[in-house]
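Protein chains in written order, with the working numbering: chain A, 183 to 470; chain B, 183 to 470.
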C-alpha cells in the first residue's frame with residue numbers, strides 16, 4: 183500500500199504515489215483549472231492505486247485550524263472558483279483515508295527537514311522566494327502552526343536608502359514580499375530577474391531585505407538551518423550577498439552555525455513538495 | 183517528593199519547591215551575588231527537601247544546545263564571575279536529579295502556557311518588556327528552541343518618523359529592545375516610564391515598535407495568544423495603543439483571534455518563573 187501526495191499549486195497540480203521510503207512510484211502533473219475538473223483528474227490518477235493515507239500541501243491561504251468549521255478549505259483567493267472550496271473534505275469523501283493537510287510551502291519544508299538539507303537537525307526553516315515569498319518551519323519533525331499557518335513573506339523590513347520602489351504587496355505595500363519577490367524586480371526594471379546583470383544594484387536591495395528577514399526569523403526561531411528555495415534564489419548574485427549581510431546584522435550578538443552551513447539551497451528540487459506530502463500522509467496515519 | 187525550581191535572574195535568585203499541582207510549598211529569594219555564594223544559599227534551601235527533579239530558568243545568554251560542550255553554562259555576560267559559569271552542572275553535581283534547563287523568559291512562557299493566560303491553547307507567545315525585551319514561545323507544551331534560545335527582543339523594526347532617539351542597544355542600536363525597552367524611555371526623557379503622562383507621545387513610539395514586533399512574530403509563528411509582561415507593559419497607555427496598531431499593520435491579510443483575547447497581560451505575576459520551573463522539572467523527569 184502506498185502514500186498519496188497532492189501538491190496543489192496555484193498554477194499546477196502534482197499528484198504522486200510513493201512507497202515507505204518516500205520514493206516516487208508514479209507521478210502526474212496538470213494545470214490547476216476549476217476545482218471540479220482538477221479533482222476529476224487527480225481522482226482518476228489515485229483510483230488506480232491502493233493507498234493507505236494521503237498528504238496534501240495546498241496554495242493558500244488555507245484553513246489549518248483543527249476544529250474550525252472550515253478546516254480543510256481554501257480561504258479567500260483571487261483564483262476563480264477556489265475560494266471557500268473544501269479541498270481536504272473532497273479528497274476525504276472520495277477515499278475515506280487518513281489525510282494530512284498543510285500549505286505547499288510547509289510540505290516542502292517538511293521534506294527538506296526529513297530527507298533534504300535539514301536531515302538530522304531539530305529546527306529547520308524553509309523560505310521560498312519566487313512569485314511570492316513563503317516560509318515554513320519544522321520543529322522536531324513537525325510543521326510549525328498555531329492559530330493558522332505562517333505568512334513569513336509578509337514581515338516588515340526597513341527600506342534600503344537607495345531603493346525608491348514603492349513595493350508590490352497589495353496588502354502591505356513594502357513588506358518583504360512586496361520588496362523582494364520576483365514581481366518587484368520586474369516592476370522596478372521591466373525585466374525578469376534572469377535577464378539582469380549580477381552586478382546590478384537591485385541584487386543588493388533584495389539581499390538586504392532577505393538578510394533582514396532571515397535576521398528576524400533567526401532571533402525569533404533560532405533554527406539550525408535555513409533552506410532558501412524558489413526561482414529568485416537561483417540568481418547567482420543573491421545568496422552570496424545574503425550570506426555577507428546576515429552576520430553584519432547579527433553583530434556577534436548571538437551565535438549561528440557557520441554561514442555556509444546555515445544558509446543553503448534546497449536538496450530536493452522538483453520532488454520536495456511530493457515527498458513532504460508522503461511524510462504528511464505518514465504522520466496522519468500514525469496519529470489516527 | 184517535590185519539584186524544585188530556580189529562577190536565576192541577573193539581580194535576584196528565586197528558589198522554590200512545589201507539589202504535583204505546581205503549588206508553591208516554600209520559596210526564598212535573595213540577591214544574585216557571585217556564583218559560589220549564590221549557590222551556597224540555594225543549596226542550603228533545597229537541602230531541606232526531598233526533591234525528584236529540578237527546573238532552572240536563567241538569565242542569558244545561556245547554552246541550551248544538547249550535546250554542546252558548554253550545555254548548561256551561562257554565556258558571555260557583563261555580570262562579574264557568571265560568564266562561562268556551569269550553572270546547570272553545579273546543580274546536577276549537588277543533587278544528581280533530572281534537571282530542566284532554559285531561559286528565565288522561557289520558563290515564564292511555559293507557566294503562562296500551561297496554567298496561565300494561554301491554558302488550553304496550542305501556541306503561546308510570551309513577551310516581557312522591561313529593562314530588556316525577551317520572548318519565548320511554547321508550542322504544544324514545549325519550549326521553542328533550536329540552535330539556541332530565541333532573542334526576540336532584538337528584531338529590527340522601522341523607526342517612527344517623529345522619534346529621533348538613536349537607540350540604546352549596544353549591539354544593534356535601534357532594534358526593538360534598543361527603541362522600546364525601559365532604558366529607552368529614560369534615555370529620551372530623563373524620567374522613568376512610571377512618571378510619564380499617559381498622553382505623552384513616547385507611548386505612541388513604543389506602541390508602534392511593539393505592534394511592529396508583534397506583527398512580525400504573528401506572521402512567523404501564528405500563535406494563538408500573545409502574553410505581554412514586564413514592567414513597561416504595566417504603563418496603562420501602552421497595551422490599548424498596541425491593540426489599536428496591530429490590526430492596522432495586518433491590514434486584514436490574515437485572521438487573528440479577537441484582539442482583546444489575542445494580546446493579554448500575564449495571569450501568574452510573581453510566580454510565573456517558579457511555576458514554569460516546576461513544569462520544566464516535570465518534563466525533565468518524564469524524559470529521563
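Idealized CB from N, CA, C, for every residue including glycine.
Discussion item. If distances are taken between C-alpha atoms only, which option among B:230, B:235 and B:199 comes closest to residue 149 of chain B?
Written reply: For residue 149 of chain B there is no data in the structure shown, the boundaries of chain B being 183 and 470.
Worksheet item: Cβ of residue 401 of chain A less than 8 Å from any chain B Cβ?
Response: yes
Worksheet item: Considering only the beta carbon of each residue, do residue 333 of chain B and residue 435 of chain A sit closer than 8 Å?
Response: yes
Worksheet item: Is the stretch 363-373 of chain B in contact with the stretch 414-429 of chain A, if contact means three or more CB pairs nearer than 8 Å?
Response: no
Worksheet item: For residue 322 of chain B, which residues from the same chain have a beta carbon less than 8 Å from its beta carbon, with the 5 sequence-adjacent residues on both sides left out?
Response: Non-local beta-carbon contacts of residue 322 of chain B in its own chain, meaning distances under 8 Å to residues more than five positions away in sequence, involve 304 and 305 in chain order.
Worksheet item: Which partner residues of residue 306 of chain A appear in the DSSP bridge assignment?
Response: Residue 306 of chain A is bridged by DSSP to A:320 and A:407.
Item to complete: Check the Cβ-Cβ distances between residue 347 of chain A and every residue of chain B, and say whether any is below 8 Å.
Response: no
Worksheet entry | Residue of A:298, A:354 and A:378 minimising C-alpha distance to residue 143 of chain B | Absent from the model: residue 143 of chain B. The displayed extent of chain B is 183 to 470, so no value can be given.
Discussion item. Is residue 394 of chain B close to chain A? Criterion is C-beta to C-beta, closer than 8 Å.
Written reply: By this cut-off, residue 394 of chain B is an interface position.
Item to complete: Report all residues from its chain with a CB closer than 6 Å to the CB of residue 228 of chain B; omit the five preceding and five following residues, and keep chain order.
Response: 186
Fill in: Closer than 8 Å to chain A by CB, residue 326 of chain B
yes
Item to complete: Starting from residue 184 of chain A, follow the beta strand (DSSP E) in both directions and report where the run begins and ends.
Response: Here the beta strand (DSSP E) through residue 184 of chain A covers 184-190.
Worksheet item: Looking only at its own chain, which residues have a Cβ that is under 7 Å from the Cβ of residue 271 of chain A, when we skip the five neighbours before and after it?
Response: 254
Item to complete: Could you name the residues of the same chain whose beta carbon sits closer than 7 Å to that of residue 457 of chain A, not counting the 5 residues immediately before and after it, in chain order?
Response: Closer than 7 Å at Cβ, skipping near neighbours: 204, 293, 297 and 450.
Worksheet item: How big is the Cα-Cα spacing for residue 281 of chain B and residue 233 of chain B?
Response: 11 Å
Worksheet item: Helix, strand or coil for residue 264 of chain B per DSSP?
Response: DSSP, read as helix, strand or coil, puts residue 264 of chain B in coil.
Practice prompt. Using the Cα positions of residue 239 of chain A and residue 372 of chain B, report the straight-line distance between them to the nearest angstrom.
Written response: 54 Å
Item to complete: State buried or exposed for residue 183 of chain B, treating a residue as buried only when at least 16 other CB atoms are found within 10 Å of its CB.
Response: exposed
Worksheet item: chain A beta carbons: is any one of them nearer than 8 Å to that of residue 223 of chain B?
Response: no
Worksheet entry | Residues, ordered as in the chain, of the stretch 327-346 of chain B that lie near chain A by beta-carbon distance below 9 Å | Here the close residues are 327, 328, 329, 330, 331, 332, 333, 334, 335, 336, 337, 338, 339, 340 and 341.
Discussion item. So within the stretch 253-298 of chain B, which uninterrupted alpha helix (DSSP H) runs reach at least 4 residues, ignoring any that extend past its ends?
Written reply: 269-277 and 286-297
Worksheet item: By how many angstroms is the C-alpha of residue 420 of chain A removed from the C-alpha of residue 411 of chain A?
Response: 12 Å
Discussion item. Within the continuous alpha helix (DSSP H) that includes residue 236 of chain B, where are the two ends?
Written reply: Careful: residue 236 of chain B lies outside any alpha helix (DSSP H), inside the beta strand (DSSP E) at 233-240.
Worksheet item: Which full runs of the beta strand (DSSP E) of 3+ residues lie inside the stretch 369-416 of chain B, going along the chain?
Response: 407-411
Discussion item. Please report the straight-line C-alpha distance between residue 398 of chain A and residue 358 of chain B, rounded to a whole angstrom.
Written reply: 11 Å
Discussion item. The alpha helix (DSSP H) that contains residue 362 of chain B, what's its start and end?
Written reply: 358-362
Fill in: Residue interval of the alpha helix (DSSP H) (run including residue 464 of chain B)
454-469
Worksheet item: Excluding the five sequence neighbours on either side, which residues of its own chain have a C-beta within less than 6 Å of the C-beta of residue 258 of chain A, listed in chain order?
Response: 265
Item to complete: Can you say whether residue 201 of chain B is buried or exposed, counting buried as having 16 or more other CB atoms within 10 angstroms of its CB?
Response: exposed
Worksheet item: Whose C-beta lies closer than 7 Å to the C-beta of residue 213 of chain B among residues of the same chain, with five residues either side of it excluded?
Response: 193 and 194
Fill in: CA nearest to the CA of residue 309 of chain B, picked from B:301, B:289, B:324 and B:328
B:289
Practice prompt. For the alpha helix (DSSP H) holding residue 424 of chain A, just list the boundary residues, first then last.
Written response: Per DSSP, residue 424 of chain A belongs to the alpha helix (DSSP H) from 420-432.
Worksheet item: Along chain A, which residues have their Cβ under 8 Å away from the Cβ of residue 397 of chain B?
Response: 337 and 338
Worksheet item: Residues in the stretch 287-305 of chain B with C-beta within 7 Å of chain A's C-beta atoms, listed in sequence order?
Response: 304 and 305
Discussion item. Check this for me: beta carbons of residue 197 of chain A and residue 224 of chain A, under 8 Å apart or not?
Written reply: It is a contact, given that the beta carbons lie within the stated cut-off.
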